[in-house]
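J.: Pasting in a structure now, in structure tokens, and then I'll have a few things to ask.
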Ligand code: SAM
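Numbering (my numbering), first residue to last: 900 to 1197.
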């Protein structure tokens, strides 16, 4: 439904019809990332109404449900049992039961096992719907003070040194803002690797979001590395890193080894008129059109 300012339309989705629990459906229910008050009314209704709950950690989620007076049959669904357990959950959904999927915190499917079961449901034609809520990545991005119009979620960097290096090499020329998750005991090494691969960019370290000790540290990668040499990271972190500068992006561009004449010729070969090719070349290089024009018309 598209949002509209007409309250009759905007609130239409709170109708009984929309909010009844449908058999045979998987509900992705987002849980708080630190503040219990962020569990939505709709999430509570769905958790109370489904036939069973699939949880990344059943003990953890049983505690959350108990706080809200909800008791439900639970099955575990986590990284190491997701393949066979996913099939079993889908069999139950196909037989008409309803299920709520919750993970340890936040939005199922973002750096946790939610992604696989949605894929499986899609393959088997099982309906999936979402009860959205807080996601650490989006919460951090909006608080970062950095460019939010274009961003990429990079998740956790691999602990394998080679893969980590490849990942950072792949993204070091990207202009958009980068979002990383990191565990506190790996933070120092990750800051050092980000600094060495990406250069000295702005970073916002978003810690303990929505909790009592929430902290947003807006600094640079070099300062962050220094800061944490004699400070032990504590709590959960999202790192929001500024995208590549124009110069850094240019180093990795397809035209970085071309002369201006070759760059314009590339676009002409691709079917552009000479003027459009000059315009495209100027845009890529952050130059004025007439400067490019002068070079190709000598
Ligand atoms: N699905 C979750 C979501 O929607 O954000 C993320 C799950 S991932 C396994 C856990 C990571 O999310 C943590 O290591 C941390 O990087 C980030 N995170 C979760 N809660 C956070 C919080 N309250 N403050 C900062 N980062 C958080």
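For every residue, glycine included, the Cβ atom is placed at its ideal position computed from N, Cα and C.
(1) DSSP three-state label for residue 985, please.
(2) With a threshold of 7 Å (Cβ to nearest heavy atom), would residue 1005 be considered close to the ligand FAD?
(3) Indicate the three-state DSSP secondary structure (helix, strand or coil) for residue 1102 in the structure shown.
(4) Which partner residues does residue 975 have in the DSSP bridge list?
(5) When the Cα atoms are used, what is the spatial distance from residue 1037 to residue 1043?
(6) Does the beta-carbon distance from residue 1012 to residue 1028 come in below 8 Å?
(7) If you pair each beta-carbon of the stretch 965 to 973 with each one of the stretch 935 to 946, do three or more pairs fall below 8 Å?
(8) How many whole angstroms separate the CB atoms of residue 1106 and residue 1136, which I take to be in contact at a CB cut-off of 8 Å?
(9) Determine the closest residue to residue 1074 out of 962, 1183, 1082 and 1177, with distance taken between C-alpha atoms.
(10) What are the residues that DSSP puts in a beta bridge with residue 1137?
(11) Do residue 929 and residue 1030 come within 8 Å of each other at the CB atom, strictly closer than that value?
(12) Taking the DSSP output, what are the residues bridged to residue 930?
(13) Could you check where the alpha helix (DSSP H) with residue 1090 kicks off and where it finishes?
(14) Considering residue 1191, what are the terminal residues of the alpha helix (DSSP H) in which it resides?
(15) Between which two residues does the alpha helix (DSSP H) harbouring residue 1013 extend?
(16) Three or more C-beta pairs closer than 8 Å, one from the stretch 1017 to 1024 and one from the stretch 1063 to 1077: is that the case here?
(17) Just checking residue 1015 against the ligand SAM - is the residue's beta carbon closer than 7 Å to any of the ligand's heavy atoms?
(18) What residues are listed by DSSP as bridge partners for residue 1051?
(19) For residue 1067, report the span of its beta strand (DSSP E) as first-last.
(20) Helix, strand or coil for residue 1172, going by three-state DSSP, please let me know.
(21) Starting from residue 1041, trace the beta strand (DSSP E) both ways and give me its first and last residue.
(22) Would you report the Cα separation of residue 990 and residue 1024, rounded to the nearest angstrom?
(23) For residue 1184, which of helix, strand or coil comes out of DSSP?
(24) Kindly indicate which residue of 925, 1163 and 1097 has the alpha-carbon position closest to the one of residue 1191.
(25) In chain order, what residues of the same chain have a beta carbon less than 8 Å from the beta carbon of residue 1026, not counting five sequence neighbours either side?
(26) Using a Cβ-based criterion (distance less than 7 Å to any ligand heavy atom), does residue 1136 qualify as near the ligand SAM?
(27) Using the beta-carbon count (16 or more within 10 Å), is residue 901 buried or exposed?
(28) Look at the alpha carbon of residue 1196 and the alpha carbon of residue 1158, and state the distance between them as a whole number of angstroms.
T.: Quick answer:
(1) helix
(2) The model on display carries the ligand SAM but not the ligand FAD.
(3) strand
(4) 954
(5) 10 Å
(6) no
(7) yes
(8) 5 Å
(9) 1183
(10) 1080 and 1105
(11) yes
(12) 1005
(13) 1086 to 1097
(14) 1188 to 1195
(15) 1013 to 1023
(16) no
(17) no
(18) 1077
(19) Note, residue 1067: premise wrong, no beta strand (DSSP E); alpha helix (DSSP H) at 1060 to 1070.
(20) coil
(21) Taken as a continuous stretch (DSSP letters only), residue 1041 belongs to no beta strand (DSSP E), being part of the alpha helix (DSSP H) at 1035 to 1042.
(22) 12 Å
(23) helix
(24) 1163
(25) 921, 923, 924, 925 and 1020
(26) yes
(27) The pLDDT assigned to residue 901 is 49, lower than 50, so where the model puts this residue is not dependable, and the model offers no usable value.
(28) 14 Å
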